[in-house]
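Numbering (our numbering), first residue to last: 4 to 235. Just so it is clear, CB atoms sit at the ideal spot from N, CA and C, and this is done for glycine as well. In this text the structure is predicted, and so the values were computed from the model without any measurement. Worksheet: the structure to be examined is printed underneath.
Quick look at the structure:
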């Protein structure tokens with residue numbers, strides 16, 4: 004059982020890290036703001052519904068009040084006509100309507116109180132939502148700035164590492180160049196000392212003298228041939 008608990012803890016910890024890496028605070032803030040707007044819209048709809056219900060009751064009360072005034076006039080007409088029975092009936096109907104009006108007044112008063120509560124709640128919630136929106140945008144801007152700074156820092160770090168590699172390559176190239184220069188200088192020194200023969204420098208002194216003798220002999224031979232041909 005202890006091993007299972009430890010495995011569960013490790014899995015939860017790893018999942019938490021994965022979720023943390025995947026989570027974008029800006030998206031979370033926008034989602035929270037949208038949910039708050041939904042709640043605010045619900046409150047506004049509640050205010051509208053209460054106001055509509057109150058208006059409907061007020062219209063019904065006005066209609067009943069008109070009927071009450073009409074019955075009152077009928078009762079007066081009946082009295083003038085010595086019809087007390089009709090006057091009594093009209094007044095009974097007026098009394099029933101008056102009771103209905105009293106009930107409607109109570110309901111309307113209750114709706115007015117409810118509407119006032121909802122309006123106050125709407126104002127408070129609107130203020131909170133606006134404060135959250137401002138704070139949300141500030142945090143998003145700060146996060147975006149920090150994210151950009153991290154990307155720039157990572158780019159600079161990558162450039163630094165790349166330049167370090169380039170520096171090492173340049174250093175190796177310079178070392179090889181110096182080695183080649185030193186080797187060339189050493190070979191030149193050995194050639195000058197006679198330790199090595201420079202086969203690229205042309206014929207040496209003996210070869211030049213032999214070549215000159217060979218050329219002179221050839222010229223003399225050619226000259227003798229021409230003299231003989233000319234009878235000289």
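To the nearest angstrom, how far is it from the Cα of residue i to the Cα of residue j?
| i | j | result |
| --- | --- | --- |
| residue 73 | residue 41 | 48 angstroms |
| residue 157 | residue 147 | 15 angstroms |
| residue 81 | residue 90 | 5 angstroms |
| residue 78 | residue 92 | 8 angstroms |
| residue 224 | residue 195 | 39 angstroms |
| residue 97 | residue 75 | 7 angstroms |
| residue 173 | residue 183 | 15 angstroms |
| residue 102 | residue 95 | 11 angstroms |
| residue 131 | residue 145 | 21 angstroms |
| residue 154 | residue 188 | 50 angstroms |
| residue 136 | residue 44 | 15 angstroms |
| residue 175 | residue 186 | 16 angstroms |
If you follow the alpha helix (DSSP H) that residue i is part of, which residue opens it and which one closes it?
| i | result |
| --- | --- |
| residue 54 | 28-83 |
Among the options, which has the Cα closest to the Cα of residue i?
| i | options | result |
| --- | --- | --- |
| residue 122 | 76, 171, 189 and 53 | 53 |
| residue 62 | 124, 153, 107 and 184 | 107 |
| residue 114 | 65, 27 and 50 | 50 |
| residue 119 | 231, 47 and 186 | 47 |
Which whole-angstrom value is the C-beta distance of residue i and residue j, which I expect to be below 8 angstroms?
| i | j | result |
| --- | --- | --- |
| residue 71 | residue 104 | 7 angstroms |
| residue 29 | residue 143 | 5 angstroms |
| residue 32 | residue 139 | 4 angstroms |
| residue 111 | residue 68 | About 12 angstroms; that fails the 8 angstroms criterion. |
Please decide whether residue i counts as near chain C, where near means a Cβ-Cβ distance under 8 angstroms.
| i | result |
| --- | --- |
| residue 83 | Looking at the structure shown, chain C is missing, and only one protein chain is on hand. |
message: Could you tell me which whole alpha helix (DSSP H) segments of length 4 or greater appear in the stretch 114-157?
response: Listed in chain order, nothing qualifies, since the stretch 114-157 has no complete alpha helix (DSSP H) run of 4 or more residues.
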